[in-house]
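Asks: I'd like to ask some things about the structure below.
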Amino acid sequence: MASLELRKIVKRYKSQTVLDNLSLTVADGETLVLFGPSGAGKTVLLRLVAGVIDPDEGKIFIGGEDMTDVDAEFRGVGMAFQNFALFPHMSAFDNIATPLEAKRSSPGTIKAGVESVAKLLKIAHVLSHKPRALSNGQKQRTALARALVGSPPLLLLDDPLRNVDAKLRFEMRLELPRLLADRGATVVYVTQDYKEAMALGDRIAVMSQGVIRQLGTPEQIYREPANIEIARLFGDPTINLLDVKPARDSRGIYVGLSNVQVHLAGAYDTAVGRDCVIGLRPEALSFVEESTPGAIPVTVEAETPLNEKIVTLVRTVRGREILVSRPAGTPGRSEGKAHIAVDGKSALLFDHASGDRIGSKNVVALRNGEAA
Amino acid sequence: MEHTSLLERILRGVALTLVVIFFMFPIVWIFMMSFQTNETILRIPPQLIFEPTLANYTALITGKLMTAAGTLDIAFMRNLGNSVFLSVTSVAVSLLLGVPAAYAFARHKFRGSEDIAFTLLSFKFAPALLVLLPLTLYFQKLGLANTYIGLIWVYQLICLPLILWIVRGYFEDIPADIEYAYRIGGHSWFATFRKIALPLAGPGIAAAGLLAFIFAWNNFVFALVLASADKQPVTVGALAFITSSGIQYGQISAAIVLSITPTLALALYAQRYLVEGLSLGAVKG
């Protein structure tokens, strides 16, 4: 088993800084998801850990040992690539067997090892095929099997579900956590899919422009995003963002939405009088009767029934568009005038200028080098 | 193809026939000449029907050239042997040196790597005659003139840049991730080179080797100046057929047929490797 620690990693390509003074610790047996848009530096980070590229500055520790200058073949990690990177001239069996061959295992051990992992990933019937004869799903599983077969204490998975179809991705999203937990390995998992990140990660590190913007449990990232950008990335349908200017009255701090005062629960004292953005998750909004205190009048524009929920686009009297989500089968309005209520406790408040969340209690927006 | 009309097919056939005749005619004519005596070749008008003779081939193989002025000794078979030896050895040395170098240039961008690679390529830009005089003087001083080693060395000017640049392209086409995956699996860089890079660049190496072989085989100027009779390849040796009593067309033709046979056979044999190409499909994209 192995923990992973990155200390003040800097990686530049020519004049461009891809990783900027990045530090990160992954505990033994933990699954950490690196989440972020393309170009955030996730893949570069993974390759640095694997040892196929070298950092310009900083240190990499695997299992407490300084691995910064150790060649890739001696780091003992397993890695699955986004593009699979199978060896085209070898059968699936030989592909999977390569890490075991490197350990000079006996042919019997290799055969047993390959077959057990192939059975686990349901590719035992295609082991004799060359990669080009495999479907994308089988290629992906072969690549995963190759990463798993040597039971490496540290697994690096670079968006392994990126190139497979939606159905398989959904299946694997369910299967993978169990598979990874059974192995007990430390896992660093890269993805651009927030659902995958939420489903797989013990913790999620949100990256952009070579910096970790927020590090926390999936729950924390969703409930207390460090800034508007992260709030937008997590959640489907996306969060509603409205410009507001909080004010104070006898009952506390409130924002005006369509001339209705919505009181916020939370320590937002510093926000009074400033230009802010309020973030309202579509599921934190609900249709209510007109008589309900704090009800906001809206006009229903469109309704989109998804399988498990219904998303409604409504327009406020000021013309701002808002998405409301409710579980399928619950009452709501599909046309005409309606009223919605805002759950003041789940509302998020962001500074308009910086985009940072205001009044954070548990989560601190991470600045360079302060992660972990 | 099923939808093409009869007329289209006929026209296509005619066009193809014309192209084939245009390109194959000299070869066929030479092949026919190699079975004729000088008298029948020089007959006017030329005739397609003649009595074939193997005299030209026997003359070449026995090394006795019958001319009007008497019997001449020619070393054609020895020349052919020299050609084979020089070409094979040169290409082998070039592959041994060029393939690892190509890999280094493709995978490791070190300081000045582009400059070195380009310098090697620029050897092909210079006209051979430009370097021949100084080269000859150097070789005479070094005792390399008229030696196989000296010739093979000079042939590297022909083979090495070719192999280096073709094979480098093939190495660059292998996705780096495939090699990374093998390294991470626990294999050394040398094992990665041997087990991953070499097999995947195989068709490219075969193509470059074949091309280098043909270039080496066809070389004339270097061998003409740097080698004397017993080290000469067929290209230079063919000069012996221009005798004081006339040009021996029959023997020249037979010599040409014999000397293109090895390259032709090699090209036909290597064709399937060349066509096969990189069998990708392991990498999405």
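First to last, the protein sequences are chains A and B. Going by this note's numbering, the residue at position 293 of the first sequence is 293; the numbering climbs one at a time, nothing skipped. Count along the second sequence from 1, add 1000, and you get the number used in this note's numbering. In this text, a Cβ means the ideal position worked out from N, Cα and C, and glycines have one as well. Keep in mind the model is a prediction, meaning the values are calculated, not measured.
1. Listed in chain order, which residues of the segment 47-61 of chain A have Cβ atoms closer than 7 Å to some Cβ of chain B?
2. Please decide whether B:L1280 counts as near chain A, where near means a Cβ-Cβ distance under 8 Å.
3. For A:M198, go through chain B and note every residue whose CB falls closer than 7 Å to its CB, in chain order.
4. Can you tell me which of the three DSSP states A:G64 falls into?
5. Entirely within the segment 254-337 of chain A and at least 4 residues each: give me those alpha helix (DSSP H) ranges in chain order.
6. Less than 8 Å between CB atoms is the rule here; does B:H1187 satisfy it with respect to chain A?
7. Cβ of A:I278 within 8 Å of Cβ of A:V324?
8. Using CA atoms only, rank isn't needed, just tell me which of A:L264, A:T191 and A:R281 is closest to A:I322.
9. Got a sec, what are the start and stop residues for the beta strand (DSSP E) A:E5 sits in?
10. So with CB distances below 9 Å, who are the chain A contacts of B:I1205?
11. Tell me whether A:I228 is buried or exposed, calling it buried when 16 or more other Cβ atoms sit within 10 Å of its Cβ.
12. Let's see if you can read the secondary structure: which residues bound the beta strand (DSSP E) around A:F350?
13. Taking only three categories from DSSP, how would you classify B:Q1140?
14. What are the partner residues of A:Q214, as DSSP defines its beta bridges?
15. How would you write the range of the beta strand (DSSP E) that A:Q16 sits in, first residue to last?
16. Is DSSP giving A:K139 helix, strand or coil here?
17. Should A:V272 be labelled buried (16 or more other beta-carbon atoms within 10 Å of its own) or exposed?
18. Note the first and the last residue of the continuous beta strand (DSSP E) segment covering A:L155.
19. Could you compute how far the alpha carbon of A:V298 sits from the alpha carbon of A:T312?
20. Grab me the residues of B:I1196's own chain with a C-beta within less than 7 Å of its C-beta, minus the 5 sequence neighbours each way, in chain order.
21. Can you tell which of A:K119, A:D159 and A:L168 has the C-alpha that lies nearest to the C-alpha of A:G36?
22. Which class does A:L86 belong to by DSSP, given the choice of helix, strand or coil?
23. Does DSSP put A:R357 in a helix, in a strand, or in coil?
24. Could you pull out every residue in the same chain whose Cβ sits closer than 7 Å to the Cβ of A:L176, ignoring the five residues on either side in sequence?
25. Given that A:T98 touches chain B, what residues does it touch there, using C-beta distances under 9 Å?
26. Do A:P131 and A:A92 have their CB atoms nearer than 8 Å?
27. Excluding five sequence neighbours on each side, which residues of the same chain lie with their C-beta closer than 6 Å to the C-beta of A:T68?
28. Does A:R104 pass the burial test, meaning 16 or more other C-beta atoms within 10 Å, or should it be called exposed?
29. Using a Cβ-Cβ distance cut-off of 8 Å, determine whether A:V363 contacts chain B.
30. At what residues does the alpha helix (DSSP H) containing A:V33 begin and finish?
31. Return the residue from the list B:T1147, B:M1024 and B:P1052 that minimises the CA-CA distance to B:S1345.
32. Roughly how many angstroms lie between the CA atoms of B:I1061 and B:F1220, to the nearest whole one?
33. Please report whether the beta-carbon of B:L1198 lies at a distance below 8 Å from any beta-carbon of chain E.
34. Check each residue of the segment 270-299 of chain A: if its Cβ is closer than 8 Å to any Cβ of chain B, include it; give the result in chain order.
35. What number of angstroms, rounded off, separates the C-alpha of A:L373 from the C-alpha of A:G359?
36. Quick one: is B:G1277 near chain A, going by C-beta distance under 8 Å?
Replies: In brief:
1. A50 and V52
2. Within the second sequence, residue 1280 of chain B is the residue found at index 280, counting from 1. Any answer about B:L1280 is weak, because its pLDDT of 39 lies below 50 and its placement is not dependable; what the coordinates show is given next. So, interface residue.
3. Counting from one through the first sequence, the residue named residue 198 of chain A turns up at place 198. In chain order: nothing, as chain B lies at least about 25 Å away.
4. Mapped onto the first sequence, residue 64 of chain A falls at position 64. Note: A:G64 maps to coil in three-state DSSP.
5. none
6. Here residue 1187 of chain B corresponds to residue number 187 of the second sequence, with the count starting at 1. Chain A places a beta carbon closer than 8 Å to that of B:H1187, counting this residue as a contact.
7. Against the first sequence, residue 278 of chain A aligns to sequence position 278. Against the first sequence, residue 324 of chain A aligns to sequence position 324. Not closer than 8 Å, so no.
8. If you number the first sequence from 1, residue 322 of chain A lands on position 322. That would be A:R281, whose Cα lies nearest to the Cα of A:I322.
9. For the purposes of this step, residue 5 of chain A is taken as the residue at position 5 of the first sequence. Where A:E5 is concerned, the enclosing beta strand (DSSP E) stretches over L4 to Y13.
10. In the second sequence, the residue the question calls residue 1205 of chain B occupies position 205. None at all; the shortest Cβ gap to chain A is about 14 Å.
11. Stepping through the first sequence from its first residue, residue 228 of chain A is reached at position 228. A:I228 should be labelled buried.
12. Reading the first sequence from its first residue, position 350 is the one you call residue 350 of chain A. Note, A:F350: beta strand (DSSP E), L348 to D351.
13. As a working note, residue 1140 of chain B is residue 140 in the second sequence. In the structure shown, B:Q1140 sits in a helix (DSSP, three-state: H, G or I).
14. Position 214 of the first sequence holds residue 214 of chain A. Answer is A:V206.
15. Translated into the one-based positions of the first sequence, residue 16 of chain A becomes position 16. A:Q16: member of the beta strand (DSSP E) spanning Q16 to V26, first to last residue.
16. Along the first sequence, one-based indexing puts residue 139 of chain A at 139. Residue state, collapsed to three classes: helix.
17. Residue numbering aside, residue 272 of chain A sits at position 272 when the first sequence is read from its first letter. The residue is exposed, with fewer than 16 neighbouring Cβ atoms inside 10 Å.
18. Reading the first sequence from its first residue, position 155 is the one you call residue 155 of chain A. L154 to D158 is the span of the beta strand (DSSP E), which, as asked, contains A:L155.
19. One-based indexing of the first sequence puts residue 298 of chain A at position 298. One-based indexing of the first sequence puts residue 312 of chain A at position 312. Each residue's alpha carbon lies about 11 Å from the other.
20. Residue numbering aside, residue 1196 of chain B sits at position 196 when the second sequence is read from its first letter. Taken in chain order, the residues that qualify are I1178, E1179 and Y1182.
21. By one-based count along the first sequence, residue 36 of chain A stands at place 36. Minimum Cα distance to A:G36 is reached at A:D159.
22. Here residue 86 of chain A is taken as the residue at index 86 of the first sequence, counted from 1. Looking at A:L86 - three-state DSSP - the assignment turns out to be coil, as it is neither helix nor strand.
23. If you number the first sequence from 1, residue 357 of chain A lands on position 357. Strand.
24. On the first sequence, residue 176 of chain A is found 176 positions in, with the first residue counted as 1. Contacts found: L200.
25. Residue mapping note: residue 98 of chain A aligns to position 98 of the first sequence, counting from 1. In chain order: A1181, Y1182, G1185, G1186, H1187 and K1195.
26. Along the first sequence, read from residue 1 onward, the residue named residue 131 of chain A stands at position 131. Along the first sequence, read from residue 1 onward, the residue named residue 92 of chain A stands at position 92. A contact, by the Cβ cut-off of 8 Å.
27. On the first sequence, residue 68 of chain A is found 68 positions in, with the first residue counted as 1. Excluding residues within five positions, the ones whose Cβ falls inside 6 Å are K59 and I60.
28. On the first sequence, position 104 is the one that residue 104 of chain A refers to. The residue in question, A:R104, is exposed, as its Cβ has fewer than 16 Cβ neighbours within 10 Å.
29. For the purposes of this step, residue 363 of chain A is taken as the residue at position 363 of the first sequence. Only weak support is given to the placement of A:V363: the predicted model assigns it a pLDDT of 39, under 50, and the value that follows is read from those uncertain coordinates. Nearest CB-CB separation between A:V363 and chain B: not below the 8 Å threshold.
30. Position 33 of the first sequence, counted from the first residue, corresponds to residue 33 of chain A. First-last for A:V33: T31 to F35, but that is the beta strand (DSSP E), not the alpha helix (DSSP H).
31. This structure does not reach residue 1345 of chain B, given that chain B is present from 1001 up to 1285, and the question cannot be answered.
32. As a position in the second sequence, residue 1061 of chain B is number 61, starting the count at 1. As a position in the second sequence, residue 1220 of chain B is number 220, starting the count at 1. Going by the C-alpha atoms only, they are around 22 Å apart.
33. Of the protein chains in this structure, namely A and B, none is chain E.
34. Sequence-ordered contacts of the segment 270-299 of chain A with chain B are nonexistent [C-beta pairs closer than 8 Å].
35. Summary: the structure shown does not reach residue 373 of chain A, with chain A confined to residues 1 through 372, and so no result is reported for it.
36. Counting from one through the second sequence, the residue named residue 1277 of chain B turns up at place 277. Any reading at B:G1277 must be qualified, since the residue scores a pLDDT of 48, below 50, and its modelled position is unreliable; the value itself is stated next. No, its Cβ sits nowhere closer than 8 Å to a Cβ of chain A.
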